[in-house]
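All remarks here apply to the structure that follows.
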Amino acid sequence: SFLNMEHNICRSALQYFMIIYPSIFIYGHRASGKSHVMHVLLKELELPHATVSCVECVSVALLFEQVLLSFFGCDAASLLPRSPSLSDFVRIYRQQCSQSPAKQTRYIVMEKAELLRDTDANLLPALLRLQELDNVTIILLSEIVWDKFRPNTGCFEPLLLHFPDYSKGELQQILSQDRHPSYTAEFYSSYINILLGVFYSVCRDLRELRHLAALNFSKFCEPLAEGKVKETDTHKLWRNIEPHLKKAMQTVYLREVSSLQWEQMQQMEEKESGALRGLSAHTHVELPYYSKFLLIAAYLASYNPARTDKRFFLKVDRFNFTPKNLLNHLLGPKPFPLDRLLAIFYSVVDNRVAPTASIFSQISSLVTLQLLTQVSHDDQLDAPKYKCAVSMDFICAISRTVNFDIVKYLYDFL
Amino acid sequence: MSKRKLTDAHLPVGECITQVQEILRERLCCQKLPDRPEGVEAQHKHLLELLKRTAVHGESNSVLIVGPRGAGKTMLLKCVLRDLLEDKEVQKNLLQVHLNGLLQTDDRIALKEITRQLHLENAVGDKVFGSFAENLAFLLEALKKGDRSSSRPVLFVLDEFDLFAHHKNQTLLYNLFDVSQSAQAPIAVVGITCRLDVLELLEKRVKSRFSHRQIHLLSSLTFPQYLERVRTQLSLPDDFPDGKFAEDWNASVKTLCEDKSVEDVLQRHFNSSKDARSMHMLLMFCLSRVSVSRPAIKPADLLEASRLCFADAKANMLHGLSILELCLIIAMKHLNDVYEGEPFNLQMVHNEFKKFLQRKSNSMYNFDQPVIMKAFEHLQQLELIRPVDSSSAKIQREYQLMRLMIDHSQIMEALQKYPQCPTDVKQWAMSAFG
């Protein structure tokens, strides 16, 4: 069942052009219904088709096999030689067509067609002309526009059809269809309304929204199950769920935690839950004392220009002003040689520390943890260069644990 | 349907419409060869002459058909072949080999294909035996043995000829042209290509063996001729079963072509491309709107079809972005304006966005850096922004320099159509200095 008029227009246009034009290119955002409409149409009209997902077909042989299999069965597919060229495919296809001629047009539907650009240069233009062989139509589905597909010397231009995206109202309608049988439709609608209110300005992908809706519904119903509120107390329900959804945006939406962890966390008591352990290494790494100072020194070396080192590290006090422009912070970390790192390190560490092997090995550990990046080549042993790969928030947190005011020492914050 | 000239036969409207759709579709999608290709009579005559000399008189020849995409090169060749094969003698004697540069990407594959199509003795069914050198020797032997009187003429058609010039040493081309120059079996080599500079691609020794004969299909239509062509393409033939309907239809097509707004639209199309294929695409879109309830083409149909043809795909995609992603694009536009197109990274875009948020009273869009990063990555997946260089190994994601692949005007156009765009976002986009 199609929900909106625009989809129906697309569907009838598709139905009209499918029969005549050799190749059609359908583009639109993901989860805008392209594959869905395509398959429903092919099934309803009972047209012979082969669906190929270009993600699965890492080599062209798989693509050819899939097409021959869908149209002519596994005997035809087995006729392909070991690493078939397009010429082999066309030859076998022609043979099979003459043996079992088509009463109607055959259709080859290729999903994620943007990956065809990365295969051989001749594949895409040849596929667009496949109708010259036999009565077959190619339909390409993609979220990238056709302008980025066109080969250098041009090709047979396919018909371009745009699948429009869903509006907020339509998303509401579609998401409301997943309602839980034990609750009323209005109740679920109000939940979807709240969910869209939080997520719509960030994400309009139907699949993501459905996933989020499914994950958080039990939390939404919690006060209802505990008997604290009634179904119609939308304000109380909103107050309960809104902070939870905001948290979801920072964790599950970003895939910082897995959906399983999220569900488990919801089941635990609030007191016991504690902090969600995120997936990235930065949230739960505990460094030794000198490593922290090495990291701080590396950050300073990356974000301060080298000529300003003198004013910071000769033990003179400075005031702390708000940054006028964060130029160095916008451009990213700069590489620095090992000597500079050690010079700053000795300046910021308060007690005297000897340059033993343990200090240098801590530098290597920081590189392994990907908190520092090695910029120079592996074979340059005498002058290695590094870059600091951590964010401002992280280094401020680290500095706080060793009571070091890093902001005083940053050039951008003078 | 049998061809009856009964002008007083009446069919129901539905039947008429179906017939119209069928006839026009066949014509516009080039599924049927026209009886006489329009506008290329001289080229048709030239090519037919040339191929007749090979097929009937046993003279070897080579020619290149050159023209932009959609000019009708393959169609011309097919018409000429059809006319050539009307002669019974030719039909009996002429051997044809059709190769395509897109399929035969290698001389080895091409040679196997030639052997298969000519049914030479070293091909049994589908399998071709022997190595490349053996196949080549066998083919040349077979061609050398003949002479004008005793052997059958062979026609080699090389589609996408410029791709054959990229094969190693241009062996196939060299040998084919060599045979066409020497007094061996009569062959005709016809190359079809869209590159005007195709001769530059040939090596010196190959070029010297080529006859330098080129047939150009460069459209020299004037606008009145283009209009006339549109009218004839949409008109129904005389043998349409319902004579009255055909008359009405052709009259409506005539008035359509005289309409001023239609003329403007067609002028726009003519200015961007004169070739037949894009004209046919436009007419196809018009035809798709014809149905029983609307049995004629109106000017509005043509305007709508033109709008579809000229629709900006990227602006369409911008329509489906979330508000956050749209704000990021506007921030990038401002960065482009201030820094004159220098590449930017996520930190800079976020900074620019924060400047906008500071001016607004509510902090509705105050998202964390990771959420902004995800939106940025989505834009990268849609290829609306592209990294400046592909070496992303040593640079963190948020500092990777990118360029915006959308134009200023495309952004403004998309903003006009964006559903429920907040006014402050629109104002921010239109302000001069971010």
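Chains as they are written, first to last, in our numbering: chain A, 699 to 1112; chain B, 8 to 441.
Note that CB positions come from ideal geometry on N, CA and C, so glycine has one too.
Using a Cβ-Cβ cut-off of 9 Å, B/Gln188 does not count as an interface residue toward chain A, since no Cβ of chain A sits closer than that to its own. Taking 9 Å as the CB threshold, B/Gly327 lines the interface with chain A.
When 9 Å is used as the limit between beta carbons, A/Asn820 is near these residues of chain B: Gly108, Leu109, Leu110, Thr112, Glu167 and Leu170, in chain order.
For A/Lys1085, the uninterrupted beta strand (DSSP E) run begins and ends at Lys1083 to Cys1086, by DSSP. Closest option to A/Leu1070, judged by alpha-carbon separation, among A/Lys1106, A/Pro1033 and A/Cys1094: A/Pro1033. With a cutoff of 9 Å on beta-carbon distance, B/Leu88 and B/Leu102 are scored as not near each other. In the DSSP assignment, B/Asp166 forms a beta bridge with B/Asn107 and B/Ile199. Using a Cβ distance threshold of 9 Å, B/Phe247 and B/Gln26 count as a contacting pair. For A/Cys853, the closest Cβ of chain B is nearer than 9 Å. Looking only at B/Gln111, B/Ala283, B/Val237 and B/Leu335, the smallest Cα-Cα distance to B/Leu83 is reached by B/Ala283. Taking one beta carbon from each stretch, the region 54 to 73 of chain B and the region 321 to 333 of chain B have fewer than 3 pairs nearer than 8 Å; the two do not touch.
In this structure B/Glu420 touches B/Ala322 by the C-beta definition: roughly 5 Å separates them, less than 8 Å. Taking a contact to require three or more Cβ pairs closer than 8 Å, the region 703 to 717 of chain A and the region 808 to 816 of chain A do not qualify as touching.
The three-state secondary structure of B/Arg393, taken from DSSP, is strand. The shortest CA-to-CA distance from B/Ala172 to any of B/Gly250, B/Leu147, B/Phe184 and B/Leu209 is the one to B/Leu209. The beta carbon of B/Lys281 sits closer than 6 Å to those of Ser226 and Leu228, all from its chain and outside the five residues before and after it, given in chain order. Membership of B/Gln38 in any beta strand (DSSP E) is not indicated, and neither H nor E is assigned to it by DSSP. Taking a cut-off of 8 Å on C-beta distances, the region 135 to 145 of chain B does not touch the region 782 to 792 of chain A, as fewer than three cross pairs fall below it.
As summarised for the region 766 to 824 of chain A, the continuous beta strand (DSSP E) elements at least 3 residues long and confined to that stretch are 804 to 809, given in chain order.
The C-alpha of A/Asp773 lies about 37 Å from the C-alpha of A/Asn850.
When DSSP states are grouped into helix, strand and coil, A/Val983 belongs to the coil group.
Inclusion of B/Gln240 and B/Leu315 in the CB contact set at 9 Å is not warranted, their separation being larger than that value.
Going by DSSP, B/His326 is part of the alpha helix (DSSP H) stretching over Ala320 to His326.
It is roughly 5 Å from the alpha-carbon of B/Gln98 to the alpha-carbon of B/Leu92. Exclusion of the five residues before and after A/Val834 leaves Arg804 and Leu828 as the residues of its chain whose Cβ lies within less than 6 Å of its Cβ. The C-alpha of B/Val135 lies about 19 Å from the C-alpha of B/Asn107. Per DSSP, the unbroken alpha helix (DSSP H) holding A/Asn891 starts and ends at Ala883 to Phe897. By the Cβ criterion, the region 302 to 321 of chain B is in contact with the region 842 to 860 of chain A, since at least three pairs of Cβ atoms, one from each stretch, lie closer than 8 Å. For A/Phe715, the nearest CB of chain B lies under 9 Å from its own CB, placing it at the interface with that chain. A residue is called buried when at least 16 other Cβ atoms come within 10 angstroms of its Cβ; A/His1027 meets this threshold and is buried. Between B/Pro350 and B/Met409, the beta carbon gap of about 6 Å places them in contact (Cβ cut-off 8 Å).
Look at the region 828 to 845 of chain A: the residues with a C-beta under 8 Å from a C-beta of chain B are Glu841, Ile842, Val843, Trp844 and Asp845.
Scanning chain A for C-beta atoms nearer than 8 Å to the C-beta of B/Pro426 yields Ser865 and Lys866, reported in chain order. Remark: fewer than three beta-carbon pairs, one from each stretch, lie closer than 8 Å, so the region 996 to 1008 of chain A and the region 1047 to 1056 of chain A are not flagged as touching. A/Lys928 carries a coil assignment under DSSP once its states are collapsed to helix, strand and coil. Contact between A/Leu873 and A/Ile892 does not hold, since the beta-carbon distance rounds to 11 Å and is not under 8 Å.
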